[in-house]
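Novice: According to our numbering, the stretch in the sequence shown is residues 363 to 635, in order.
Below is one structure. I have some questions about it.
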Amino acid sequence: MESPTSNDKFPFRLFFLLFTSIALLILAGAWYVGNERISSELDITRSSEIGTVVMGVRRLDDELHAPFRQLHTLVNEKAVRLAIDANDKNAARGMEAAFTTLVAFNEVVDKVRWIDQSGMERVRINNVAGKPEIVPAEQLQNQSGSYYFANAMRLKPGQVYISSLDLNVEHGQVEVPHKPVLRLATPVQDSKGQVRGVLVINVTAKYFLDSFTDSLVGARDHAMLLNSGGYWLVSPDSEDAFGFMFQSQKTLGSVYLEAWRAITSIPSGQVEN
């Protein structure tokens, strides 16, 4: 029996090279398909996130339109103009009536005030459990040290100052239970053109924040809303919200420094971390 020749031997080296090449092609193809799928899923996620955030921002914007209109209307009401001109208690009753009507028909309005040029509240109507309540003269507060009063007084008539979204403060203390608020303020003049202080509408921001989170379909459990300092206004951990009101040092930047740097480096867009 003849022994097998070299031509009859199985070409292991050739098979290995061919097999390796084919395997690499298969692996490369699998990687390409997998990578394309991941890339496609990321694109879908990015697109979904943009849509979700845009919807939330639009909802916030829509919710603010009404208080803006109400403030402009209030400034031009006859009873309000008369009270500013007359500067007496009888005329102030007409302003109280105008403020009372606004509060009675707008649950998002927490309070309406006329603060005179010295910073003293002259007329104030609170929303107490959905009902307007006139604040007696002896309980009116001096707001001359309030940042929103100072900033509003620098504006021209017709301009509106929007405060930071923060927690309501009464007599120098954060109100408990906590009440997130926005303040819309505009300067008012008498008939001689003299600035006589500002009109202020406090808006209960809880409605805005709830509306914002409700619009974030699929993202409510991990959505965050931050102020310019990186403090949480909305957070999955409720204890983090409004930490700046209590001298907290915890911010997104202190927890996720690189992400915060990336976020603050662009005016808008997306950041992956």
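Every residue gets a Cβ at the ideal spot worked out from N, C-alpha and C, and that includes glycine.
Here the structure is a predicted model, which means the values were calculated and not measured.
1) Please classify L619 as buried or exposed, where buried requires at least 16 other C-beta atoms within 10 Å of its C-beta.
2) Taking the straight line between their C-alpha atoms, what separation do you get for N489 and M457?
3) How many Å lie between S597 and K451 at the Cα?
4) Taking the alpha helix (DSSP H) that V617 falls in, what are its first and last residues?
5) Can you list, in chain order, the residues of its chain whose CB lies under 8 Å from that of T548, leaving out five sequence neighbours each side?
6) Alpha carbons only, please: which of G481, P494 and S525 is nearest the one belonging to L502?
7) Give the list of continuous alpha helix (DSSP H) stretches no shorter than 4 residues that lie fully inside the region 550 to 594.
8) Flag this pair as yes or no: are the beta carbons of L464 and V470 separated by less than 8 Å?
9) Provide the residue span of the alpha helix (DSSP H) that contains D447, from first to last.
10) Under 8 Å: do the region 550 to 560 and the region 568 to 578 share three or more Cβ pairs, one atom per stretch?
11) When DSSP labels each residue in this structure, what does D424 get in the three-state scheme?
12) On a CA-only basis, which of A512, Y593 and M586 is nearest L546? Give me that one, please.
13) Hey, which unbroken runs of the alpha helix (DSSP H) at 4 residues or more fall wholly within the region 487 to 527?
14) Classify I406: buried if its beta carbon has 16 or more other beta carbons within 10 angstroms, exposed otherwise.
15) So, helix, strand or coil for Q535, using DSSP?
16) Can you have a look at F461 and say buried or exposed, based on whether 16 or more other CB atoms are within 10 angstroms of its CB?
17) Spatial neighbours of D528 within its chain, please: CB distance less than 8 Å, with the 5 preceding and 5 following residues excluded, ordered by chain position.
18) Please state whether DSSP places A460 in a helix, a strand or coil.
19) Thinking A445 and A454 are a contact (beta carbons under 8 Å), I'd like their distance in whole angstroms, please.
20) Name, in chain order, the residues that DSSP records as bridge partners for K473.
21) Between R431 and Q505, what straight-line distance do the alpha-carbon atoms span, to the nearest angstrom?
22) Tell me, please, which residues DSSP counts as bridged to V465.
23) Indicate the three-state DSSP secondary structure (helix, strand or coil) for A603 in the structure shown.
24) When burial is assigned at 16 or more other CB atoms within 10 Å of the CB, is P539 buried or exposed?
25) Looking at the structure shown, is P629 part of a helix, part of a strand, or coil, going by DSSP?
Specialist: Here's the rundown:
1) One-based indexing of the sequence shown puts residue 619 at position 257. The residue is exposed, with fewer than 16 neighbouring Cβ atoms inside 10 Å.
2) Taking the sequence shown and counting its residues from 1, the one referred to as residue 489 is at position 127. Taking the sequence shown and counting its residues from 1, the one referred to as residue 457 is at position 95. CA-CA distance, N489 to M457, rounds to 16 Å.
3) Here residue 597 is taken as the residue at index 235 of the sequence shown, counted from 1. Here residue 451 is taken as the residue at index 89 of the sequence shown, counted from 1. Approximately 45 Å between the Cα atoms of the pair.
4) Counting from 1 along the sequence shown, the entry for residue 617 is found at position 255. V617 -> alpha helix (DSSP H) spans L614 to V617.
5) Position 186 of the sequence shown, counted from the start, is the residue given in the question as residue 548. Sequence-distant Cβ neighbours of T548 in its own chain, meaning closer than 8 Å and more than five residues away, are L433, H434, V437, A514, L517, P519, G520, Q521, V522, Y523, V560 and L561.
6) To locate residue 502, count along the sequence shown from 1; it is residue 140. Of the listed residues, the one whose Cα sits closest to L502 is G481.
7) Correct list: 568 to 577.
8) Position 102 of the sequence shown holds residue 464. Position 108 of the sequence shown holds residue 470. Here L464 is not near V470, since their CB atoms are 8 Å or more apart.
9) Along the sequence shown, read from residue 1 onward, the residue named residue 447 stands at position 85. Counting along the chain, the unbroken alpha helix (DSSP H) around D447 starts and ends at K440 to A448.
10) With the rule of 3 Cβ pairs closer than 8 Å, the region 550 to 560 does not count as touching the region 568 to 578.
11) The count along the sequence shown starts at 1 and reaches residue 424 at position 62. Here D424 sits in helix by DSSP.
12) Residue numbering aside, residue 546 sits at position 184 when the sequence shown is read from its first letter. The closest CA to that of L546, considering only A512, Y593 and M586, is found on A512.
13) Qualifying alpha helix (DSSP H) stretches, in chain order: 509 to 515.
14) Within the sequence shown, numbered from 1, the residue matching residue 406 stands at position 44. Note that I406 scores 46 on pLDDT, short of 50, meaning its location in the model is unreliable; the coordinates nonetheless yield the value given after this. With fewer than 16 Cβ atoms within 10 Å of its Cβ, I406 is classed as exposed.
15) In the sequence shown, residue 535 corresponds to position 173, counting from 1. Residue state, collapsed to three classes: strand.
16) Sequence index remark: in the sequence shown, residue 461 carries index 99 (1-based). The residue is buried, with at least 16 neighbouring Cβ atoms inside 10 Å.
17) Taking the sequence shown and counting its residues from 1, one reaches residue 528 at position 166. Within the same chain, D528 has close Cβ partners P542, V543, F604, F606 and M607.
18) Against the sequence shown, residue 460 aligns to sequence position 98. Note: A460 maps to helix in three-state DSSP.
19) Here residue 445 refers to the residue found at position 83 when the sequence shown is read from its first residue. Here residue 454 refers to the residue found at position 92 when the sequence shown is read from its first residue. Contact flag correct, Cβ pair sits at about 5 Å.
20) As a working note, residue 473 is residue 111 in the sequence shown. According to DSSP, which records beta bridges pairwise, K473 is partnered with N488 and N564.
21) Position 69 of the sequence shown, counted from the first residue, corresponds to residue 431. Position 143 of the sequence shown, counted from the first residue, corresponds to residue 505. Going by the C-alpha atoms only, they are around 24 Å apart.
22) Here the question's residue 465 lines up with position 103 in the sequence shown. BP columns for V465 are empty, so no partner.
23) Looking up residue 603 in the sequence shown gives position 241. Per DSSP, reduced to three states, the secondary structure at A603 is coil, with no helix or strand assignment.
24) Along the sequence shown, one-based indexing puts residue 539 at 177. Classification of P539: exposed, given that the 10 Å Cβ count is below 16.
25) Stepping through the sequence shown from its first residue, residue 629 is reached at position 267. It is coil, neither helix nor strand.
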